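Note sheet for the following structure.
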Amino acid sequence: MQQKWVRSGDGTFSGAGPSAALALRRAAEALNAGRLDEAEHQARSVLATRPQEPGALYVLGCVALNRGRPEEALVLFERVRATQSKDPQLHFNLGEAHRRTGAPASALRHFRKAAELSPGFAETHGQAGEMLRALGRFTEAAKAYQSALMLKPDLAHCLAGFALLLVREDEFGQAVPFFEAALRATPATMAQARAPLWANLGSARIRAGDTPAGLSALAEAVACAPDEADFRRLLARELLHVGAVPAGPRFRTVLIGLFQRPDIDPRLLATAAVAALRQDPAVDGLLARLASDPAQADETVAEAGATVRVLLDDELFRALLSATPIPDLGLELLLTDVRRSLLVAARDGALPGLDLAFVCALARQCFLNEYVYWTDEPEDVALAALCAGLDQAGDPAGGADWHRVALSACYVALHRTAAARLDFGAAPPALQALAREQVEEPAQERALADGLVPLRPVRDPVSLAVQSQYEENPYPRWSRALLGTPRPLRERLGLALPHLGADELPATERPRVLVAGCGTGIQTMRIVQSVAHASVLAVDLSRSSLAYGMRKLAGYGVGSVRHLQADILDLADLNERFDLIESFGVLHHMREPLEGLRILSGLLVPGGLLFLGLYSEIARASVVAGRALVAELALAPTPAGVRAGRRAVMTRAATLPDLGMLLSPASDF
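Each position in the sequence shown, counted from 1, maps to that position plus 28 in our numbering.
As structure tokens, this is what we get:
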């Protein structure tokens, strides 16, 4: 806050002569106008002849405070206090200087002294409340805020501070109007000050049960401070699996911006993007018709040509398409039909006028979802002909050839076809990006995998089966990770496990962490981004998954993680112990999960913690139903068998709810 000039307590300038008094008045005017250089010059001119003049010292203290030098301001204000100890404004500024040096207890003493000297000074009651809240003295803080608001009901920081006390008591609904009042009291021009108010309001609204209004407020926080990572990450976390989002261009613009951020995991945004797209009644109706009758998808899409074209050109849809698997049955059926239409056009020689950027985005979608979209027999025949043509051709000479390369990538990754040998240097930018993802990066992963030395050969039959599955399909594929601010392990665990006592939390500042079953690195990335100074060992059965994770982490500049190919059953041979072991979605795959648990427990230091993620029988009801369907249809464990199984789930989901859960946004199927 700008520190304003206030005369000493008796209204005089301590006997300053005429020239000194004039210089002090000029210093005060300059300070109040924000002309800090001039204020400092005038004050120093007074001190040149009157080195103890309190008015000049006071001005210099305010200048130092406004320039971010609170320690210097403290020295100057203390010199003033030697003769002006009854000045409430001086004590207020002393409190502010102590606050800015991180000394809330000292600040509180001066704020309270200012309130004692001037009981009607609302701001000093409010600042006392802020310090009491920082010190954990919440009941006293509430009383201080209330005293301030009785004197001045529109003090924004007091309204917000009191609301935070209500949030602490889980009184989210009561906190909402206080945050709203704080926003009304903060000028629209003060975007940086409004951003945290919007963020707190959004969180409170969501916790109070009003998710759409909460998301709208969080989007406003991002719009006010687009470069502030905490606000956009908060919004992204709250968007996971939401079924409704705010209407209007403001939220949509913020959502598109989140898709473009390298520190935001687009998987968090997927259902929100779908919800935003479905706010168009024509799009919503089309997707509902597709989902209700998958067998009639061709006819449904043909009848809605105009709506389909608008949707496929939508900026938000394009952002979603290329970033993360789309968790919507209607959109999956639409894209399956569109892809088939593109293949027919290629067969008939009708591709040159097509949007290559869209075809490349569709190819990225199919690559991310492991090519799970359904194909029928005529489509398979046409695809074989397309790939055969690529095998016989040289480097593409024209647009139609590049379209065919991109279209082939909608069905099979480029590194698995003859297209891998092409020179993509002359390709359009969208296709160059696709080639990086489907040719260059898989080559990097193969090189990384070749450098991995296993702890020992995998022998357990179940482990071998799991290993085989993930060698073929590293899972999950991900484009970007949600980044964060690393904090000490003790602090992180204290937040996650508030029931633990201080003596039960690890004291180490450089924790050793084992990720047992790290997969493709997204869990490892989360640990690196959340636990400060951690030494991380990431272990997995699959060389392909490890290599994928190594490449992705390197892309974020993370080179400190050690990777090891090993079976959990062999980890007893490790000559290491860990403060924290995380193993999510792993132990239940083992033939003897309790044996895996015993081995991991033996790798903990005394007082170490083991975080496990396990499937429950209730949560796996859909998986059980899916396995029964696979057995009934005698489907082979091949890509074609997986696609056939997914198609069968689509057609039967309406009558078998457990099967329908396999297609929910939270499902891995």
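Beta carbons: idealized from backbone N, C-alpha and C, even for Gly.
All values derive from a computational prediction rather than experimental measurement.
Check, Outcome
"Quick one: give me the first and last residue of the beta strand (DSSP E) that G636 is part of.", "632–641"
"The ligand FAD and S175: does any heavy atom of the ligand fall closer than 6 Å to the residue's C-beta?", "The ligand content of the structure shown is nil, which means the ligand FAD is not present either."
"Would you kindly work out how many angstroms separate the C-alpha atoms of A738 and F120, rounded to a whole number?", "There is no way to answer for residue 738, as the model of the chain reaches only from 29 to 697."
"With DSSP as the reference, identify every bridge partner of L657, one or two as the case may be.", "DSSP output for L657 lists no bridge partner at all."
"A351 and S146 - do their beta-carbons sit closer together than 7 Å?", "no"
"Using the beta-carbon count (16 or more within 10 Å), is V409 buried or exposed?", "exposed"
"Out of P116, G164, Y173, state which residue places its alpha-carbon closest to the alpha-carbon of A156.", "Y173"
"Contact defined as beta carbons within less than 8 Å: I believe L315 pairs with L344. What is the distance between those atoms, to the nearest angstrom?", "With a Cβ gap of about 14 Å, L315 and L344 do not count as contacting."
"Evaluate A304 with the Cβ neighbour count: other Cβ atoms within 10 Å of its Cβ, from every protein chain shown; 16 or more gives buried, anything less gives exposed.", "buried"
"Let me make sure I understand the geometry here. Which of S644, Q593, L632, H591 has the alpha-carbon closest to that of H698?", "Lying outside 29 to 697, the shown extent of the chain, residue 698 is not represented and no answer is given."
"Just mark N603 as buried or exposed, buried being the case when its beta carbon has 16 or more other beta carbons within 10 Å.", "exposed"
"Can you name, in chain order, every residue of its own chain whose Cβ lies under 7 Å from the Cβ of L476, other than the five neighbours on each side?", "A575, M578, R579"
"Between the Cα of I234 and the Cα atoms of V195, P215, A209, A213, which residue gives the shortest distance?", "V195"
"Looking at the unbroken alpha helix (DSSP H) that takes in S73, where does it start and where does it end?", "64–75"
"To the nearest angstrom, how far is it from the Cα of C186 to the Cα of M178?", "11 Å"
"Relative to the alpha-carbon of N397, which residue among F139, R674, P205 has its alpha-carbon at the smallest distance?", "R674"
"Near A447, which residues of its chain fall below 7 Å by C-beta distance, leaving aside the five closest residues on each side in sequence?", "L418, V433, S436"
"Does the Cβ of E473 have 16 or more other Cβ atoms within 10 Å, making it buried, or fewer, making it exposed?", "buried"
"If you draw a straight line from the C-alpha of A241 to the C-alpha of P205, how long is it?", "13 Å"
"Use the C-beta contact count for E218: other C-beta atoms within 10 angstroms, 16 or more gives buried, fewer gives exposed.", "Correcting the residue type first, residue 218 is Met in the shown sequence and not Glu. Exposed."
"With distances taken from CA atoms, which of P516, L104, E499 is nearest E81?", "L104"
"Leaving out the 5 sequence neighbours to the left and right, which residues in its chain are closer than 7 Å to A245 when beta-carbon positions are compared?", "W226, L229, G230, R233"
"Skipping 5 residues on each side, what residues in its chain have a beta carbon closer than 7 Å to that of R222?", "L211, T214, C252"
"Run through DSSP, which three-state label would L220 get?", "The displayed chain sequence assigns Gln, not Leu, to residue 220. Here Q220 sits in helix by DSSP."
"What do you get for T666, buried or exposed, if any count of 16 or more other CB atoms within 10 angstroms of its CB means buried?", "exposed"
"Does the distance from the C-beta atom of S558 to that of R518 stay below 7 Å?", "no"
"Under a Cβ-count criterion, where at least 16 other Cβ atoms within 10 Å of its own Cβ denotes burial, should D429 be classed as buried or exposed?", "buried"
"Return the chain-ordered list of same chain residues with a C-beta closer than 7 Å to the C-beta of E66, the five sequence neighbours on each side being excluded.", "A58"
"Please report the straight-line C-alpha distance between L349 and Y399, rounded to a whole angstrom.", "14 Å"
"Since S611 sits in a beta bridge, which residues does DSSP pair it with?", "L640"
"For A413 and D238, what's the separation of their Cα atoms in angstroms?", "54 Å"
"Between the segment 48–57 and the segment 68–79, do three or more beta carbon pairs fall short of 8 Å?", "yes"
"Taking only the alpha-carbon atoms, compute the straight-line gap between R464 and P457 and give it to the nearest angstrom.", "11 Å"
"Counting only runs that start and end within the segment 426–489, where is the alpha helix (DSSP H) found for 4 or more residues in a row?", "427–436, 457–463, 469–478"
"If I measure Cβ to Cβ from D38 and keep anything under 8 Å in the same chain, skipping five residues before and after, which residues do I get?", "Low confidence applies here, because D38 scores a pLDDT of 37, under 50, leaving its location unreliable and the question unanswered by this model."
"A391 to V329, Cα distance in whole Å?", "20 Å"
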